[in-house]
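>
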Amino acid sequence: MTADGHGSGAGTSADRVLAVPCEGDDLLALFALDTGARLGEVPVGSHPVHATTCRGRTVVATMGERAVTAVDPDGEVTRIETGVLGPSHFATANGELYVSCSAGDALAVIDPEGLTLVDRVAVGAEPHEIAVAPDGDRLYSGSRREGVVDVVDTERRERIGAIDAGPGVRVQGVALSPDGDRGYAVDQRGARVIAFDPGGDVGGDAASAEPVHTEAAVGADPYDLVATEDRVFVPGRGDGVVHELGRNLEPIVVHEGFSRPVELFEIAGDWWVLDAGAARLRSLDGAVVETPAPGLVATPVGGGRLAVSHYDDDRVSLVDVESGTVWTADTPAYPFGSVVV
Amino acid sequence: MTRERSTDDGEAGDDSDASGASENATRRGLLRAAAGATVAGAASTAGCLGVTTPADVAARSEVSGNVGHFVGPSWLADNREDTVVLDARDADRFREERVYRARRVPFDAITARESTEAGDAPDTDAIATAFGEIGVSPEDDVLVYGASVGSRVTRVAFALAAVGHEGEIRVLNGGLSAWNGRLGTGSRDGVSSTDYEPDPASSTWVTREWLADRVGTFNGDGPGLVDVRVPEAYLAAAGSDALNDDHDRHGHLPGAVDVHWVGNVAGRQMTEPGRLVRLYEVEAELDRGGTVVVYGDDNVDPTSTWLTLKAIGFEDVRLYDGGFGEWANVDSDRGRYPVETATNVVIETEGSVGGDDDGGDFSCTG
Numbered sequence: 000m001t002a003d004g005h006g007s008g009a010g011t012s013a014d015r016v017l018a019v020p021c022e023g024d025d026l027l028a029l030f031a032l033d034t035g036a037r038l039g040e041v042p043v044g045s046h047p048v049h050a051t052t053c054r055g056r057t058v059v060a061t062m063g064e065r066a067v068t069a070v071d072p073d074g075e076v077t078r079i080e081t082g083v084l085g086p087s088h089f090a091t092a093n094g095e096l097y098v099s100c101s102a103g104d105a106l107a108v109i110d111p112e113g114l115t116l117v118d119r120v121a122v123g124a125e126p127h128e129i130a131v132a133p134d135g136d137r138l139y140s141g142s143r144r145e146g147v148v149d150v151v152d153t154e155r156r157e158r159i160g161a162i163d164a165g166p167g168v169r170v171q172g173v174a175l176s177p178d179g180d181r182g183y184a185v186d187q188r189g190a191r192v193i194a195f196d197p198g199g200d201v202g203g204d205a206a207s208a209e210p211v212h213t214e215a216a217v218g219a220d221p222y223d224l225v226a227t228e229d230r231v232f233v234p235g236r237g238d239g240v241v242h243e244l245g246r247n248l249e250p251i252v253v254h255e256g257f258s259r260p261v262e263l264f265e266i267a268g269d270w271w272v273l274d275a276g277a278a279r280l281r282s283l284d285g286a287v288v289e290t291p292a293p294g295l296v297a298t299p300v301g302g303g304r305l306a307v308s309h310y311d312d313d314r315v316s317l318v319d320v321e322s323g324t325v326w327t328a329d330t331p332a333y334p335f336g337s338v339v340v
Numbered sequence: 000m001t002r003e004r005s006t007d008d009g010e011a012g013d014d015s016d017a018s019g020a021s022e023n024a025t026r027r028g029l030l031r032a033a034a035g036a037t038v039a040g041a042a043s044t045a046g047c048l049g050v051t052t053p054a055d056v057a058a059r060s061e062v063s064g065n066v067g068h069f070v071g072p073s074w075l076a077d078n079r080e081d082t083v084v085l086d087a088r089d090a091d092r093f094r095e096e097r098v099y100r101a102r103r104v105p106f107d108a109i110t111a112r113e114s115t116e117a118g119d120a121p122d123t124d125a126i127a128t129a130f131g132e133i134g135v136s137p138e139d140d141v142l143v144y145g146a147s148v149g150s151r152v153t154r155v156a157f158a159l160a161a162v163g164h165e166g167e168i169r170v171l172n173g174g175l176s177a178w179n180g181r182l183g184t185g186s187r188d189g190v191s192s193t194d195y196e197p198d199p200a201s202s203t204w205v206t207r208e209w210l211a212d213r214v215g216t217f218n219g220d221g222p223g224l225v226d227v228r229v230p231e232a233y234l235a236a237a238g239s240d241a242l243n244d245d246h247d248r249h250g251h252l253p254g255a256v257d258v259h260w261v262g263n264v265a266g267r268q269m270t271e272p273g274r275l276v277r278l279y280e281v282e283a284e285l286d287r288g289g290t291v292v293v294y295g296d297d298n299v300d301p302t303s304t305w306l307t308l309k310a311i312g313f314e315d316v317r318l319y320d321g322g323f324g325e326w327a328n329v330d331s332d333r334g335r336y337p338v339e340t341a342t343n344v345v346i347e348t349e350g351s352v353g354g355d356d357d358g359g360d361f362s363c364t365g
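Sequence lines, in order, name chains A and B. Residues in the first sequence are numbered consecutively from 0, following numbering that gives the first Met the number 0. Residues in the second sequence are numbered consecutively from 0, following numbering that gives the first Met the number 0.
Printed below as a string of structure tokens:
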């Protein structure tokens, strides 16, 4: 999830490509961003879910593998072993590519130039989302099984501590405020969000660190979140609400009337909500843009537009929040987290 | 012997043929009554009564087909004088009843480990000393038995292999209950100790570092890897009693396939070999020509799978002696020793282990 729809993929070059991992067919499907024309597909391994770009390469997380797949500008496909099952989310820190191995208890560290595994960092079991400090020196990894946010020193590639979010917690989304002074983690099981001090002394074990500032209840089945300078937004997928909270998680407003809100994007000064249960984008101010089908994941592409993956309908669309759907195209099965190349 | 006769039939003291015929008729009457034939409307149960003799039990434990290491009681009967028989059970059961002249293995000693830079490994000096103390020599042909063919028995077989035992190593299918030959009881028969010089067979085990160097290759481009624990431990099922509280982490080694070791055993015998071949070659998709590593929580249970795979023809089977207990609790650089908590590669097994050894400690049944 991103809070900035302007920067990501910015540019208007007509030759930009939308690369869409399609989990059901083990393919990376390619589309012309401006027209939606199908440009081809690349076999990338089992269950591709997210993609990123790094050093001119497109790297795909294949959750059904113990590897990720990199595609060179010349089309060469390279498999990079992680050793641990379930690569899911990427983050770049200290010049290296981190990927959470969500079926294990490690982050794989990849040299994006040499396309090799350079290390694995042990973290809490089933890591999923990763957030990186603005200066890249620390990385925060949420554990879905152990209820902690692990803190990793990216210089030493070493876990230096953990923030304990409480017993029985399933940490899902993790985010930092843009200034890096405040961290947030979503407890999916407990339907709450916690705020923690990301710069705190976590040099000891998890039990000795007490960096959790506060917590707040949110809508049922929360998954992801967005943190800005002064706001925290948490969609509650289970009851169709979006909680808008202050920096210290003080309640501001609960936005209602969604079906299954999954993601928020700031586009042209407005916050837009992607809804996995309704074929539309709806802003927190009440504006609505119809989409061809409900969307599960979306990628800001600049110019007030989102590339929306219609996971259950095997389609992808380019949606302009001002003018509506620009194009829509069929995809291989289960399109997921795309990237603009 | 005094022959007792009934006085109710009026034939007391009569040894004539007529009297004999009458006795036969009386017996037949009793047998009919016992079978329910004299009760109007009742179905006969004749022929449905389960009668089992020691010979039947022994016969059921015979081993046929191309199976290594496991032998039936008739083999032992034919080779008793040329074989050193080792009892893998605990001391109480050994004293109570055993194969005549069997020697009890000091079980704790033959599970001994030594710590090396590469991780835990069998302490072959300690193991060899233990075998020497019960009079075993490297060249002896050995047969091991227990209450069944559980993991205590197979651990003894592994320990012998680990010290480079030169003689044949066999296991009695069916355990002690299959043996209908001479039994011994009481204190251990005196045996002279030997100086057992080990010739460590390091190809029978692997270490933590050997595995760490191959993470990501198991059951793929690299060796086969079998986790023999229950699926709940393998999958780190939250709240399960199968999770070992002593472990820092739960789950399994990356890429391991789970085949619970009790599938190797049916009651007191090894599972039917055809079923075992299907289990490991077809369902678990292991390559009998390649290297296969087995591990469990400890270094006892996985030896059941170690010996079973060897028995059905796998060529290079090795034990991770340190086990998940070592892997899960390494105290540094855990990224080099990751665990996984999710996969779908669980092979269903149906085994059960008979024998009632060790006060209900299921994992050490022998």
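Positions of the beta carbon are idealized from the N, C-alpha and C atoms, including for glycine.
Ordered along the chain, which non-local residues of its own chain (more than five positions away) have a Cβ less than 6 Å from that of F69 of chain B?
Cβ neighbours of F69 of chain B beyond the five flanking positions: V62, V170, N172, M269, A310.
> Taking C-beta pairs closer than 8 Å, name the residues in chain A that R248 of chain B reaches, listed in chain order.
Per Cβ cutoff of 8 Å: D104, A124.
> DSSP on S331 of chain B, reduced to helix/strand/coil?
Of the three classes helix, strand and coil, the one that applies to S331 of chain B here is coil, per DSSP.
> Taking D59 of chain B as the reference, give the member of B:D212, B:E271, B:L252 with the closest Cα.
Sequence check: residue 59 of chain B is Arg here, not Asp. The candidate whose alpha carbon is nearest that of R59 of chain B is B:E271.
> By how many angstroms is the C-alpha of G145 of chain B removed from the C-alpha of H49 of chain A?
Distance between the alpha carbons of H49 of chain A and G145 of chain B is about 54 Å.
> Closer than 9 Å, Cβ to Cβ, to anything on chain B: give me those residues from the segment 77-90 of chain A, in chain order.
Within the segment 77-90 of chain A, the residues whose Cβ lies closer than 9 Å to some Cβ of chain B are E80, T81, G82, V83, L84, G85, listed in chain order.
> List in chain order: all unbroken beta strand (DSSP E) runs of 3+ residues lying wholly within the segment 103-180 of chain B.
Counting only runs of 3 or more, we get 112-115, 118-121, 141-144, 168-171.
> Report the residue from B:R100, B:G273, B:A211 whose alpha carbon sits nearest the alpha carbon of E366 of chain B.
Coverage of chain B is limited to positions 0 through 365, which leaves residue 366 of chain B absent and any answer about it impossible.
> Helix, strand or coil, according to DSSP, for A255 of chain B in the structure here?
Coil.
> Taking D342 of chain A and P337 of chain B to be in contact with their CB atoms under 8 Å, please state how far apart those CB atoms are, rounded to whole angstroms.
Residue 342 of chain A falls outside the range modelled here, since chain A spans only 0 to 340, and no answer is possible.
> Less than 8 Å between CB atoms is the rule here; does E208 of chain B satisfy it with respect to chain A?
False, the Cβ-Cβ gap to chain A never drops below 8 Å.
> Starting from the Cα of L370 of chain B, find the closest Cα among B:R228, B:D89, B:V264, B:V293 and give me that residue.
Nothing about residue 370 of chain B can be read from this structure; chain B reaches only from 0 to 365.
> Please report the Cβ distance between T302 of chain B and F93 of chain B, rounded to the nearest whole angstrom; I am assuming they are in contact, meaning their Cβ atoms lie under 8 Å.
Contact flag wrong, Cβ pair sits at about 20 Å.
> Can you find a CB in chain A that lies within less than 8 Å of the CB of G262 of chain B?
Not closer than 8 Å to any Cβ of chain A, the Cβ of G262 of chain B fails to qualify, so no.
> Return the bridge partner residues of I162 of chain A from the DSSP annotation.
DSSP, once it has assigned bridges, lists A:V148 as partnering I162 of chain A.
> Are the CB atoms of L278 of chain B and G262 of chain B within a distance shorter than 8 Å?
Yes, Cβ-Cβ distance for G262 of chain B and L278 of chain B is below 8 Å.
> Taking only beta-carbon positions, decide if L48 of chain B is within less than 8 Å of chain A.
Per-residue confidence for L48 of chain B stands at a pLDDT of 49, beneath the threshold of 50, marking its modelled position as unreliable; the derived number appears in the next sentence. Not closer than 8 Å to any Cβ of chain A, the Cβ of L48 of chain B fails to qualify, so no.
> Taking any Cβ of chain A, which residues in the segment 331-348 of chain B have a Cβ under 9 Å from it, in chain order?
Correct list: D332, R333, G334, R335, Y336, P337, V338, E339, T340, A341, T342.
> Quick one: measure Cβ to Cβ for A235 of chain B and T340 of chain B, integer angstroms, because I've assumed they're closer than 8 Å.
About 4 Å separates the two Cβ atoms, so the contact holds.
> Could you say if the segment 192-200 of chain B and the segment 219-229 of chain B meet the contact criterion of at least three C-beta pairs nearer than 8 Å?
Contact fails: fewer than three Cβ-Cβ distances are below 8 Å.
> Would you mind stating whether F257 of chain A and G245 of chain A have Cβ atoms separated by less than 8 Å?
Against a cut-off of 8 Å, the Cβ pair of G245 of chain A and F257 of chain A comes out as no contact.
> Check this for me: beta carbons of E165 of chain B and E138 of chain B, under 8 Å apart or not?
Contact: yes.
> Quick one, which of A:G55, A:A60, A:T81, A:T61 has its alpha-carbon nearest G74 of chain A's?
Looking at the Cα atoms, A:G55 is the closest of the given residues.
> In whole angstroms, give me the CA-to-CA distance for V76 of chain A and V104 of chain B.
Computed Cα separation, rounded: 57 Å.
> Consider the Cβ of T44 of chain B: report whether some Cβ of chain A lies at a distance smaller than 8 Å.
Bear in mind that the predicted position of T44 of chain B carries a pLDDT of just 39, short of 50, making it too unreliable to give a figure here.
> Are V143 of chain B and V152 of chain B touching if we call contact CB-CB under 8 Å?
Yes. Within cutoff.
> Return the CA-CA distance between V155 of chain B and T213 of chain A, expressed in angstroms with no decimal places.
Straight-line Cα distance between these residues: approximately 57 Å.
> By alpha-carbon positions, which one of A:A332, A:W326, A:G336 ends up nearest to D33 of chain A?
For the residues A:A332, A:W326, A:G336, the minimum Cα distance to D33 of chain A belongs to A:W326.
> Going by DSSP in three states, G302 of chain A sits in which element: helix, strand or coil?
If DSSP states are grouped into helix, strand and coil, G302 of chain A belongs with coil.
> Does A39 of chain B come out as helix, strand or coil in the three-state DSSP assignment?
Low per-residue confidence applies at A39 of chain B: pLDDT is 38, beneath 50, and the placement is therefore not dependable, though the value from the model is reported in the following sentence. Coil, per DSSP.
> How about G215 of chain B: is its C-beta nearer than 8 Å to some C-beta of chain A?
Yes - at least one Cβ of chain A is within 8 Å of the one on G215 of chain B.
> Give a yes or no on whether the minimum CB-CB distance between A121 of chain A and chain B is below 8 Å.
So yes, A121 of chain A belongs to the interface.
> Taking one C-beta from the segment 325-337 of chain B and one from the segment 90-97 of chain A each time, how about it: are there three or more such pairs within less than 8 Å?
Contact between the segment 325-337 of chain B and the segment 90-97 of chain A is absent, because fewer than three Cβ pairs lie under 8 Å.
> Is G324 of chain B close to chain A? Criterion is C-beta to C-beta, closer than 8 Å.
Chain A, which has no Cβ nearer than 8 Å to the Cβ of G324 of chain B, makes this no.
> In or out: V281 of chain B buried (at least 16 other Cβ within 10 Å) or exposed?
When all chains shown are included, V281 of chain B counts as exposed.
> I want to verify the contact list: residues of chain B whose CB lies under 7 Å from the CB of D422 of chain A, in sequence order.
Absent from the model: residue 422 of chain A. The displayed extent of chain A is 0 to 340, so no value can be given.
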